[in-house]
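Residue numbers for the first sequence follow the UniProt record's numbering, so the first one is 1 and each next one is one higher. Report on the following structure.
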Amino acid sequence: MPELPEVHTFITQIKPFVLSKTIKSFTVTKEGLRLIAPIDPKLFSKEIIGKQITDITRHGKFIIFHLNDGSRIVAHLRMSGRFIVTDEPFEHKHNRLQLEFEEGGIFNFIDIRRFATFEYINPGDNHKGLSRLGPDALADSFDSKYLSDKLKNRKKNIYSSLMDQSVVAGIGNIYANEILHRALLSPTLPSDQVPLITFPLIVDQTKEVLNMAITHKGTTLIDKSYKDMHGGYGEFNVKLKVYAREDEPCFSCNAPIKKIRIQNRSVYYCPNCQA
DNA sequence: AGGGGTACCTGCGGGC
DNA sequence: TGCCCGCAGGTACCCC
1 MPELPEVHTF ITQIKPFVLS KTIKSFTVTK EGLRLIAPID PKLFSKEIIG KQITDITRHG
61 KFIIFHLNDG SRIVAHLRMS GRFIVTDEPF EHKHNRLQLE FEEGGIFNFI DIRRFATFEY
121 INPGDNHKGL SRLGPDALAD SFDSKYLSDK LKNRKKNIYS SLMDQSVVAG IGNIYANEIL
181 HRALLSPTLP SDQVPLITFP LIVDQTKEVL NMAITHKGTT LIDKSYKDMH GGYGEFNVKL
241 KVYAREDEPC FSCNAPIKKI RIQNRSVYYC PNCQA
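Okay, structure coming up:
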């Protein structure tokens with residue numbers, strides 16, 4: 001499940017094969033239609049063919065392909081999306097859409113569950129999802145003053161606040177669990193009751209966990225749903241301290257890790273360390 | 001306004 | 001073996 005570090009890894013891996021290349025053709029399968037906007041493949045093609053990809057950036061988990069006329073393609077991998085760039089057509093049951101380049105190479109967007117998105121945005125136009133985002137979790141503007149101001153009147157629990165993309169962009173379930181463990185905070189603590197002195201720790205641990213995960217090319221869980229572009233697995237799972245460790249001993253205090261449900265998601269924490 | 005619930009999908013593992 | 005159920009979870013959108 002791609003969160004910020006996995007998204008970052010995909011961008012880094014495809015950049016050398018995609019940057020400054022010109023789009024020659026666009027194809028989408030019938031099942032891939034629900035990913036794209038505009039949904040008419042002919043219209044989509046018309047908007048992007050002949051344009052050059054000048055940059056690929058990221059805000060939270062959104063991926064932005066910048067085209068040379070100021071237009072953009074905004075993509076989101078959601079739970080199961082991934083990118084693979086190949087020399088030849090890539091046969092895969094869940095290969096939903098492809099961009100072929102004049103200079104050679106094919107960009108493939110694989111997505112088993114078809115929750116991912118791939119949207120063309122005209123120059124100067126807004127993207128709804130992007131415009132709702134708070135600062136990127138790795139941006140300098142995400143600091144303890146920002147976070148404490150943002151949360152001081154929120155009654156919702158701290159776990160939900162960290163997962164709220166309009167508060168901070170890029171944190172998903174796995175890393176929210178890990179960040180709270182390292183900041184010694186109970187996931188159920190109301191945001192407005194987080195001690196002021198703890199905010200620098202939350203911010204520091206957020207950046208440390210995410211940067212560490214980037215170094216390890218992301219997290220691959222037992223179900224192996226995440227692979228990088230070369231089919232490699234992320235290696236951060238060996239560093240996970242609470243996520244998916246129900247009943248296993250806490251590495252700090254040996255107490256069994258507890259699993260609870262918040263907002264219909266599995267949340268893991270040490271009831272002793274994170275009191 | 002803001003919070004809660006649910007839909008969107010597919011694969012997989014567990015229980016019977 | 002096979003079927004059914006629940007789980008995985010990011011975001012949009014509905015409703016109250």
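We put the CB at the ideal spot given by N, CA and C, even for glycine.
Looking at residue 355: is its Cβ nearer than 8 Å to the Cβ of L19? Because the chain in this structure spans residues 1 to 275, residue 355 falls outside the shown range and cannot be described.
Taking just the CA atoms, how far does E103 sit from T22? One C-alpha to the other measures close to 7 Å.
So, for N153: in the same chain, excluding its five sequence neighbours on each side, which residues have a beta-carbon less than 8 Å away from its beta-carbon? Result list for N153: D192, in chain order.
Selected residue, minimal CA-CA separation from I121, among K156, G134, S25, R72: Nearest C-alpha to I121: R72.
Between which two residues does the alpha helix (DSSP H) carrying V203 extend? Judged by DSSP secondary structure, V203 falls within the alpha helix (DSSP H) whose first and last residues are 199 to 215.
Tell whether a beta-carbon distance below 8 Å holds between K258 and Y269. Going by beta carbons, K258 and Y269 fall inside the 8 Å limit.
According to the neighbour-count rule (16 or more other Cβ atoms, all chains shown, within 10 Å of its Cβ), is L97 buried or exposed? L97 should be labelled buried.
Could you give the uninterrupted runs of the beta strand (DSSP E) lying entirely in the stretch 11 to 36, keeping only those of 3 residues or more? Scanning the stretch 11 to 36 for uninterrupted beta strand (DSSP E) segments of 3 residues or longer gives 23 to 28, listed from N- to C-terminal end.
Per-residue DSSP class, three states only, for P268: Residue identity check: residue 268 is Tyr in the sequence provided, not Pro. Collapsing the DSSP output to three states places Y268 in a strand.
When you compare only the Cα positions, how much space is there between I39 and S45? Each residue's CA atom was taken as its position, placing I39 and S45 some 11 Å apart.
Could you pull the start and end residues of the beta strand (DSSP E) that Y120 belongs to? Per DSSP, Y120 belongs to the beta strand (DSSP E) from 117 to 121.
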